[in-house]
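**Student:** In order, the protein sequences belong to chains A and B.
When we follow the working numbering, the leftmost residue of the first sequence carries the number 1, and every step to the right adds one.
When we follow the working numbering, the leftmost residue of the second sequence carries the number 181, and every step to the right adds one.
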Amino acid sequence: MNDKQIISLYNSGEHEKAFNGLVDAYSEKLYWHIRRFACSHEDTNDLLQDVFVKIWAALPSFRGESQLFTWIYRITTNEVLNHMRRQKFKAMISLDSEYAILERKIDEDPYFNGNMLQRELHKAIQRLPHKQRIVFSLRYFEEMKYEEIAMITDTSVGALKASYHHAYSKIKEEMQKLLP
Amino acid sequence: MKNDVLNNMHDKLKKVPYNVPDGYFEELRSRLQHPEAKVAGHNSFLKAMAPYASMAAAFALIVTVGTHILKSTSPPEDMTFEDYLVHSDYMVSNGYENDINVINSEIEDEDIVDYLIYTGVTAELIELSK
Numbered sequence: 001m002n003d004k005q006i007i008s009l010y011n012s013g014e015h016e017k018a019f020n021g022l023v024d025a026y027s028e029k030l031y032w033h034i035r036r037f038a039c040s041h042e043d044t045n046d047l048l049q050d051v052f053v054k055i056w057a058a059l060p061s062f063r064g065e066s067q068l069f070t071w072i073y074r075i076t077t078n079e080v081l082n083h084m085r086r087q088k089f090k091a092m093i094s095l096d097s098e099y100a101i102l103e104r105k106i107d108e109d110p111y112f113n114g115n116m117l118q119r120e121l122h123k124a125i126q127r128l129p130h131k132q133r134i135v136f137s138l139r140y141f142e143e144m145k146y147e148e149i150a151m152i153t154d155t156s157v158g159a160l161k162a163s164y165h166h167a168y169s170k171i172k173e174e175m176q177k178l179l180p
Numbered sequence: 181m182k183n184d185v186l187n188n189m190h191d192k193l194k195k196v197p198y199n200v201p202d203g204y205f206e207e208l209r210s211r212l213q214h215p216e217a218k219v220a221g222h223n224s225f226l227k228a229m230a231p232y233a234s235m236a237a238a239f240a241l242i243v244t245v246g247t248h249i250l251k252s253t254s255p256p257e258d259m260t261f262e263d264y265l266v267h268s269d270y271m272v273s274n275g276y277e278n279d280i281n282v283i284n285s286e287i288e289d290e291d292i293v294d295y296l297i298y299t300g301v302t303a304e305l306i307e308l309s310k
């Protein structure tokens with residue numbers, strides 16, 4: 001089911017079918033998008049469910065000014081940013097560093113099945129400022145165009161290019177140290 | 181580009197390095213469709229609020245204990261002025277309570293006589309008081 005069909009079903013009152021269509025079309029994509037920031041399956045699962053509840057609650061206000069895809073990613077990305085802020089706050093209360101907590105989660109993740117370079121790449125991403133993590137992930141992993149990322153993050157293309165360039169340089173430098 | 185591992189190994193590095201539990205996405209659909217999915221979201225909200233609730237509870241405890249300490253060391257509201265003086269250990273204020281030397285200095289008899297004469301007490305009365 002594509003976005004037009006989902007919106008059409010919703011507008012014609014077939015809400016349950018529209019929601020099923022949303023879940024089928026987006027659950028995996030959104031799961032992997034969140035997963036890169038949540039660093040654990042459990043946190044990702046919680047966030048994903050929150051995201052779908054928010055999407056469903058906000059659907060009546062979707063005016064079609066942007067694509068459904070962009071709108072859904074924007075809700076998801078805002079939830080991810082909120083999650084990152086909560087994690088930072090929890091780290092402050094527990095007198096731990098946000099990065100140390102995320103690094104431990106990556107190291108102890110029973111669902112991680114990548115190699116050493118991939119593990120270090122994901123750790124390096126967690127060392128970036130919150131918004132840079134988002135930009136890097138959307139551009140490097142999901143290969144989105146800057147114009148799409150601009151609509152999701154409500155940031156100018158120029159600022160995104162600068163942000164991505166900084167993030168890329170930092171991570172490249174860290175990854176180079178791991179190579180013989 | 182020679183030393184750019186991110187670019188050179190992009191195809192391998194961009195692959196998702198995670199598994200999910202078996203049947204996760206199929207169960208996710210039914211979980212989200214079920215009314216309990218909203219409860220899961222609520223529980224997630226409670227989990228997120230837990231640190232803030234802990235901080236609020238700690239703050240409330242500090243305020244309660246602090247208030248109790250302040251009240252137990254403060255004079256009661258219905259005490260008389262005399263009781264207050266006793267409680268607060270102050271002497272009657274004559275404008276010199278901060279002048280320790282004045283309060284603690286010994287007053288000589290001559291000073292008393294001079295004062296009495298100044299105030300108009302006759303010499304005969306002063307002699308009688310000695």
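No residue lacks a Cβ here, since even glycine has one placed at the ideal position from N, Cα and C.
Quick caveat, the model's predicted, so the values are computed rather than measured.
Taking A:Ala25 as the reference, which of A:Ser8, A:Asp3 and A:Glu14 has the closest Cα?
**Tutor:** Looking at the Cα atoms, A:Asp3 is the closest of the given residues.
**Student:** Tell me which residues of the stretch 191-203 of chain B have at least one Cβ-Cβ distance to chain E shorter than 9 Å, keeping chain order.
**Tutor:** The chain labelled as chain E is not found among the protein chains of the depicted structure, namely A and B.
**Student:** Examine chain A for any beta-carbon lying closer than 8 Å to the beta-carbon of B:Glu216, and answer yes or no.
**Tutor:** Unreliable placement is indicated for B:Glu216, whose pLDDT of 39 sits below 50; the coordinate value is still reported in the next sentence. Cβ-Cβ to chain A under 8 Å: no for B:Glu216.
**Student:** Does the CB of B:Gly275 have a neighbour CB from chain A at under 8 Å?
**Tutor:** Here B:Gly275 scores only 48 on pLDDT, less than 50, and its place in the model is too uncertain to base an answer on.
**Student:** So what does DSSP say about B:Tyr198, is it helix, strand or coil?
**Tutor:** Here B:Tyr198 sits in strand by DSSP.
**Student:** Are the Cβ atoms of A:Ala58 and A:Ile75 separated by less than 8 Å?
**Tutor:** A contact, by the Cβ cut-off of 8 Å.
**Student:** State the beta-bridge partners of A:Phe112 as determined by DSSP.
**Tutor:** A:Phe112 is bridged to B:Tyr198.
**Student:** In chain A, which residues lie less than 7 Å from B:Leu212 when you measure between Cβ atoms?
**Tutor:** The contacting residues are Val23, Gln49 and Phe52.
**Student:** What distance in whole Å lies between the Cβ atoms of B:Pro201 and A:Lys90, which are believed to be in contact at a cut-off of 8 Å?
**Tutor:** The pair is not a contact, with the Cβ atoms about 25 Å apart (cut-off 8 Å).
**Student:** Entirely within the stretch 125-158 of chain A and at least 4 residues each: give me those alpha helix (DSSP H) ranges in chain order.
**Tutor:** DSSP runs (the alpha helix (DSSP H)) wholly in the stretch 125-158 of chain A: 130-136 and 146-153.
**Student:** Check whether the stretch 70-89 of chain A touches the stretch 112-121 of chain A, taking contact to mean three or more Cβ pairs, one atom from each stretch, closer than 8 Å.
**Tutor:** Touching, no.
**Student:** Decide yes or no for the touch test of the stretch 13-27 of chain A against the stretch 43-63 of chain A: beta carbon pairs closer than 8 Å, at least 3 of them.
**Tutor:** Segments in contact, yes.
**Student:** Please classify A:His41 as buried or exposed, where buried requires at least 16 neighbouring CB atoms within 10 angstroms.
**Tutor:** When all chains shown are included, A:His41 counts as buried.
**Student:** Starting from A:Leu68, find everything on chain B with Cβ-Cβ shorter than 8 Å and list it in chain order.
**Tutor:** The premise fails here: A:Leu68 is roughly 17 Å from chain B at the closest Cβ pair, so nothing lies under 8 Å.
**Student:** Determine whether the Cβ of B:Tyr270 lies closer than 8 Å to any Cβ atom of chain A.
**Tutor:** Here the model assigns B:Tyr270 a pLDDT of 44, short of 50, so the residue's position is not dependable, and the following value carries that caveat. Closer than 8 Å: no.
**Student:** Helix or strand or just coil, what does DSSP make of A:Gln87?
**Tutor:** Here A:Gln87 sits in helix by DSSP.
**Student:** For a contact defined as C-beta to C-beta under 7 Å, what are the partners of A:Phe141 on chain B?
**Tutor:** What A:Phe141 touches in chain B: Lys194.
**Student:** If you measure from the beta carbon of B:Leu208 to each beta carbon in chain A, is any gap under 8 Å?
**Tutor:** Chain A contact via Cβ: present.
**Student:** Does the beta-carbon of A:Ser27 have 16 or more other beta-carbons within 10 angstroms, so that it is buried, or is it exposed?
**Tutor:** Its Cβ being crowded by 16 or more others within 10 Å, A:Ser27 is buried.
**Student:** Can you pull out the residues from the stretch 143-161 of chain A whose beta carbon lies closer than 9 Å to at least one beta carbon of chain B?
**Tutor:** Answer in chain order: Glu143.
**Student:** Taking A:Lys90 as the query, report the chain B residues whose CB atoms sit under 8 Å from its CB, ordered along the chain.
**Tutor:** Pro231, listed in chain order.
**Student:** Could you check what DSSP says for A:Phe62 in three-state terms: helix, strand or coil?
**Tutor:** Correct three-state label for A:Phe62: coil.
**Student:** Would A:Cys39 pass as a contact of A:Lys88 if the rule is Cβ separation under 8 Å?
**Tutor:** No, Cβ-Cβ distance for A:Cys39 and A:Lys88 is not below 8 Å.
**Student:** Do you know offhand how far A:Leu138's Cα is from A:Asn11's?
**Tutor:** In a straight line, the C-alpha of A:Leu138 is about 30 Å away from that of A:Asn11.
**Student:** Taking only three categories from DSSP, how would you classify A:Gln118?
**Tutor:** A:Gln118 falls in the helix class under three-state DSSP.
**Student:** Is A:Glu16 helix, strand or coil when you go by DSSP?
**Tutor:** In this structure, A:Glu16 counts as helix in the three-state DSSP scheme.
**Student:** So what does DSSP say about A:Thr76, is it helix, strand or coil?
**Tutor:** Helix, per DSSP.
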